[in-house]
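Chemist: Each residue of the sequence shown is one higher than the last, beginning at -11 in the working numbering.
Glycine residues also receive a C-beta, built at the ideal position from the N, C-alpha and C atoms.
Since we're looking at a predicted model, the values are computed, not measured.
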Amino acid sequence: MTAADRAEIVILGAGIAGSALAHHLAGRHAGPIVVYDPATPGAGATGRAAGIVTEQLWDRWDVEVTRASKAEYAALALRWDPSVYAVNGFARWTRDPAAADAVAPAIERLRAWGVHVEPIDPAGLERRVPAGRFPDVRAAMWGPDDSVVTPSAMNEIYAESARRAGVDFELGLPFKRFHRTDGAWELETASRRIRSPRAVLAAGAWSKRLANGAGHPLPLVPYRTQAAVLRPSPPEPATLPSVHDIDLDVYVRPESNGRILAGDGTERVEADPETFRPGGDEAFVGHLAESFASRFPGWSEAEMVRAWAGVCTATPDRRALVGPVPGAEGLHAITGFNGFGVMRAGGVSARLAEVLSAGEGDPSAERLLGPVLPGRFAGAPGPFLPRPGFTLEAGDDPRF
Ligand SMILES: Cc1cc2nc3c(=O)[nH]c(=O)nc-3n(C[C@H](O)[C@H](O)[C@H](O)COP(=O)(O)OP(=O)(O)OC[C@H]3O[C@@H](n4cnc5c(N)ncnc54)[C@H](O)[C@@H]3O)c2cc1C
-11 MTAADRAEIV ILGAGIAGSA LAHHLAGRHA GPIVVYDPAT PGAGATGRAA
39 GIVTEQLWDR WDVEVTRASK AEYAALALRW DPSVYAVNGF ARWTRDPAAA
89 DAVAPAIERL RAWGVHVEPI DPAGLERRVP AGRFPDVRAA MWGPDDSVVT
139 PSAMNEIYAE SARRAGVDFE LGLPFKRFHR TDGAWELETA SRRIRSPRAV
189 LAAGAWSKRL ANGAGHPLPL VPYRTQAAVL RPSPPEPATL PSVHDIDLDV
239 YVRPESNGRI LAGDGTERVE ADPETFRPGG DEAFVGHLAE SFASRFPGWS
289 EAEMVRAWAG VCTATPDRRA LVGPVPGAEG LHAITGFNGF GVMRAGGVSA
339 RLAEVLSAGE GDPSAERLLG PVLPGRFAGA PGPFLPRPGF TLEAGDDPRF
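1) Any chance the CB of R36 is under 6 Å from a heavy atom of ligand 1?
2) By Cβ distance below 8 Å, which residues in the same chain neighbour E158 in space, the five residues on each side in sequence not counted?
3) I'd like the span of the alpha helix (DSSP H) that includes A5, first residue to last.
4) Might you give, ordered along the chain, the residues of its own chain that have their beta carbon closer than 7 Å to the beta carbon of M292, omitting 5 neighbours on each side?
5) Report the rounded CA-to-CA distance for R55 versus V(-2), giving the unit in angstroms.
6) Answer yes or no: the CB of M292 versus the heavy atoms of ligand 1, is any distance below 6 Å?
7) In its own chain, which residues sit with a C-beta less than 6 Å from the C-beta of A153, not counting the 5 before and 5 after it?
8) Taking C-alpha atoms, which residue in L357, R80, A119 and G298 lies nearest to P132?
9) From the DSSP output, in three-state form, read off P285 for me.
10) Between M331 and R306, what straight-line distance do the alpha-carbon atoms span, to the nearest angstrom?
11) Is G274 helix, strand or coil by DSSP?
12) Short check: CB of V209 to CB of P107, under 7 Å?
13) For the beta strand (DSSP E) that contains P314, what are its first and last residues?
14) In chain order, what residues of the same chain have a beta carbon less than 6 Å from the beta carbon of G324, not counting five sequence neighbours either side?
15) Helix, strand or coil for F157 per DSSP?
16) Residue range of the alpha helix (DSSP H) that W194 falls in?
17) Taking the beta carbon of D252 as the centre, do at least 16 other beta carbons fall within 10 Å, making it buried, or is it exposed?
18) Tell whether a beta-carbon distance below 7 Å holds between E381 and F388.
19) Give the secondary structure of S184 by DSSP, where H, G and I count as helix, E and B as strand, and everything else as coil.
20) Would F78 and S230 qualify as a contact pair, given that the criterion is a beta-carbon distance under 7 Å?
21) Quick check: is any heavy atom of ligand 1 less than 6 Å from the C-beta of D25?
22) Mind reading off the beta-carbon distance from D134 to T42? Whole number of angstroms is fine, and I expect it under 8 Å.
23) Let me check understanding here. Comparing Cα to Cα, which of H12, G383, R36 and D124 lies closest to P266?
24) Taking 7 Å as the cut-off, decide whether the C-beta atoms of V53 and V336 are in contact.
25) Can L361 and R339 be called in contact, C-beta distance under 7 Å?
26) Does at least one heavy atom of ligand 1 sit under 6 Å from the Cβ of V240?
27) Look at the Cβ atom of V188, then the Cβ atom of A10, and state whether they are nearer than 7 Å.
28) Are the CB atoms of G246 and R119 within a distance shorter than 7 Å?
29) Mind checking A150: buried by the 16 CB within 10 Å criterion, or exposed?
30) Measuring alpha carbon to alpha carbon, tell me which of V299, W296, G298 and S279 ends up nearest A290.
31) Report whether the distance from the Cβ of P213 to the nearest heavy atom of ligand 1 is below 6 Å.
32) What separation, rounded to the nearest whole angstrom, lies between the Cα atoms of R355 and D(-7)?
33) Does the Cβ of I21 lie closer than 6 Å to at least one heavy atom of ligand 1?
34) Helix, strand or coil: how does DSSP classify S179 here?
35) Return the residue from the list N143, K58 and I234 that minimises the CA-CA distance to A86.
36) Spatial neighbours of A321 within its chain, please: CB distance less than 6 Å, with the 5 preceding and 5 following residues excluded, ordered by chain position.
Structure below.
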C-alpha cells in the first residue's frame, strides 16, 4: 500500500457547503486542505436545487446566516458572473383562514429579526405575477430584498476560488472508506489515502452513511424532493418574483430564457441517495398541472421542459448540523440543511471556517454556531421523519 498523503483538514463533499467552506478556510490560511468528492461539485442536491434565497424563515439564526450568504453571493456574482445572482423579491400567500391568521404575526416576527417584509393584497400580487389569479387569497406577504442564485454556478465559483487559493480538489475517485486510525482521520479512495487531524462531513445526503461508518451516527434522514422547468408562452421576464403558494405547497422562480422553475414540498419518507429515483414522478407533474390550472392560468399551457428529483437531508428539529461532532476528536459536520442549504451555505461555512481556524475547544463554536451544534442531540439518534421546512410559523412544531 502507498504511503498516505497528509493534510491539515479534509472536507468530504464538494457541494456548495464543502466548496464554500474550502473557500473560507483558504482565506484563513488554515494549512493544506483537501476537498474530496467521488463525483463533481454540484453532483448532489446543489446541482438540482431551485436556488431561492429568502429571509422569510422560521428561525432567527437562519435569517442571519442567509443574510450573510446573500451579501456574499451578490459580491461573488459581481466578480465572477453577474448572471448567477439577482434580487427579484419573494411573495407568499394563503387562502386558508387559519393560515391567514398566522401571516400578520409572521410579518411582525420577521420584522423584529430585521427582515424587510410587508403585507401585499391580491391586486398587488396580480401586478407582480400577471400569470396568477388571486381573488381568493386572504393574506400574503412580500419580501422585496429576496433573491435567486444559480446553485451549480455558485458552487463552481466557490470551488474555483478555493482551488486558486491552493486547495486540493480530489474529484471522481471512487470512495473506499473514512475512519479513525492511529490518532488521525483517514480517507481512503480507489487510488489515494489522505490522513488529517481534522475532517469535515459535508456530503449532504451521504453524510449519514459516512458518519455511521466512522462510528459517530448523526440524526440525519435523507429525503427526496422535486422540481421542474417549464416554458410559458409568452416568456416570463427575469424580474418575475419568486412565489410560494402555502396551501398548494408549490413554489416558482424565474429561470433563464423566459422559463420558470417550479417545485414541490417535502416527501416525508427516508430516501437512499444511492438508489433514489432521479426523475420527476407523474404525481408531482400532475400536482403542478392542477396547481397551475387553479392558481396560475397564464402558465397552464406551459411546455414541460424537464422534471427531476434530488435528495436533501432532514434533522429532528429542522435546524442544520454544523460544528464539532460530539465524542469524535477533530471531526466536524456541515450538513442537515432540511432543503435550504443553498441559501445558508455561504453564511454558515464562513462561521464554521472561523471555528475551525480558532482550534479545538475555542468558545467561538458556541457563539457562532450555538443553535446548530450537533451536540444538542444527546445519545444515539432515535428514528424520525422529515418535516416540511418552509413554514410560516417559527418554532419546532408549526401548523403552517
Ligand atoms: C429540487 C430541490 C430544490 C431545492 N431548492 C432549494 C432552494 O430553492 N434554496 C435552497 O437554499 N436550497 C434548496 N434545495 C436544497 C439544497 O439543494 C441543499 O440543501 C444543498 O444543496 C445542500 O448542499 P450540500 O453541499 O450540503 O450537499 P450536496 O450538494 O448534496 O453535496 C454533497 C456532495 O457529497 C458528495 N459525496 C457523496 N458521497 C461522498 C463520500 N463518500 N465522500 C465525500 N463526498 C461524498 C456528493 O457527490 C455531493 O457532491 C433544494 C434541493 C432540491 C433537491
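Modeler: In short:
1) For the purposes of this step, residue 36 is taken as the residue at position 48 of the sequence shown. Yes, Cβ of R36 sits closer than 6 Å to a heavy atom of ligand 1.
2) Start at 1 with the first residue of the sequence shown, and residue 158 comes out as number 170. Contacts found: V22, V23, Y24, D25, T177, R180 and I182.
3) Along the sequence shown, read from residue 1 onward, the residue named residue 5 stands at position 17. Residues I4 to A14.
4) Start at 1 with the first residue of the sequence shown, and residue 292 comes out as number 304. So the list reads A216, L218 and V273, once near-sequence residues are dropped.
5) Within the sequence shown, residue 55 is the residue found at index 67, counting from 1. Within the sequence shown, residue -2 is the residue found at index 10, counting from 1. One C-alpha to the other measures close to 27 Å.
6) As a first step, residue 292 is located in the sequence shown; it is residue number 304 there, counting from the start. Every heavy atom of ligand 1 is 6 Å or more from the Cβ of M292, so no.
7) Residue mapping note: residue 153 aligns to position 165 of the sequence shown, counting from 1. Around A153: A14.
8) The count along the sequence shown starts at 1 and reaches residue 132 at position 144. The shortest Cα separation from P132 among L357, R80, A119 and G298 belongs to R80.
9) The residue you call residue 285 lines up with position 297 of the sequence shown. Correct three-state label for P285: helix.
10) Your numbering for residue 331 matches position 343 in the sequence shown. Your numbering for residue 306 matches position 318 in the sequence shown. Their Cα atoms are separated by approximately 15 Å.
11) To locate residue 274, count along the sequence shown from 1; it is residue 286. Looking at G274 - three-state DSSP - the assignment turns out to be helix.
12) By one-based count along the sequence shown, residue 209 stands at place 221. By one-based count along the sequence shown, residue 107 stands at place 119. For V209 and P107, no; Cβs fall outside 7 Å.
13) Here residue 314 is taken as the residue at index 326 of the sequence shown, counted from 1. Counting along the chain, P314 falls outside any beta strand (DSSP E), and DSSP gives it neither H nor E.
14) Within the sequence shown, residue 324 is the residue found at index 336, counting from 1. Around G324: L208, T301, T303, A308 and L309.
15) Locating residue 157 in the sequence shown gives position 169, where the first residue counts as 1. Three-state DSSP puts F157 in a strand.
16) The residue given as residue 194 occupies position 206 in the sequence shown. Taken as a continuous stretch (DSSP letters only), W194 belongs to no alpha helix (DSSP H), as it is neither H nor E.
17) Counting from one through the sequence shown, the residue named residue 252 turns up at place 264. Burial call: buried.
18) Locating residue 381 in the sequence shown gives position 393, counting from the first residue. Locating residue 388 in the sequence shown gives position 400, counting from the first residue. Contact: yes.
19) The residue labelled residue 184 in the question sits at position 196 within the sequence shown. Of the three classes helix, strand and coil, the one that applies to S184 here is strand, per DSSP.
20) Residue mapping note: residue 78 aligns to position 90 of the sequence shown, counting from 1. Residue mapping note: residue 230 aligns to position 242 of the sequence shown, counting from 1. Closer than 7 Å, so yes.
21) Taking the sequence shown and counting its residues from 1, the one referred to as residue 25 is at position 37. The answer is yes for D25.
22) Here residue 134 refers to the residue found at position 146 of the sequence shown. Here residue 42 refers to the residue found at position 54 of the sequence shown. About 4 Å separates the two Cβ atoms, so the contact holds.
23) In the sequence shown, counting from the first residue as 1, residue 266 sits at position 278. Selected option, being the one with the closest Cα: R36.
24) For this step, residue 53 is matched to residue 65 along the sequence shown. For this step, residue 336 is matched to residue 348 along the sequence shown. Against a cut-off of 7 Å, the Cβ pair of V336 and V53 comes out as a contact.
25) Start at 1 with the first residue of the sequence shown, and residue 361 comes out as number 373. Start at 1 with the first residue of the sequence shown, and residue 339 comes out as number 351. No. Outside cutoff.
26) Counting from one through the sequence shown, the residue named residue 240 turns up at place 252. Relative to ligand 1, V240 has its C-beta separated by 6 Å or more from all heavy atoms.
27) Residue numbering aside, residue 188 sits at position 200 when the sequence shown is read from its first letter. Residue numbering aside, residue 10 sits at position 22 when the sequence shown is read from its first letter. Not a contact, by the Cβ cut-off of 7 Å.
28) Within the sequence shown, the letter at position 131 stands for residue 119. Within the sequence shown, the letter at position 258 stands for residue 246. Contrary to the premise, residue 119 reads as Ala rather than Arg in this sequence. For A119 and G246, no; Cβs fall outside 7 Å.
29) Indexing the sequence shown from 1 puts residue 150 at position 162. It counts as buried.
30) As a position in the sequence shown, residue 290 is number 302, starting the count at 1. The shortest Cα separation from A290 among V299, W296, G298 and S279 belongs to S279.
31) Residue 213 sits at position 225 when you count from the first residue of the sequence shown. The question names Pro, but residue 213 in the sequence shown is Thr. Answer for T213: yes, Cβ within range of ligand 1.
32) Start at 1 with the first residue of the sequence shown, and residue 355 comes out as number 367. Start at 1 with the first residue of the sequence shown, and residue -7 comes out as number 5. A straight-line Cα-Cα distance of about 34 Å links R355 and D(-7).
33) On the sequence shown, position 33 is the one that residue 21 refers to. I21 Cβ: outside cutoff for every heavy atom of ligand 1.
34) Indexing the sequence shown from 1 puts residue 179 at position 191. Reduced to three states, the DSSP call for S179 is coil.
35) Indexing the sequence shown from 1 puts residue 86 at position 98. It is I234.
36) As a working note, residue 321 is residue 333 in the sequence shown. Cβ within range, chain order: L189, L309, V313 and P362.
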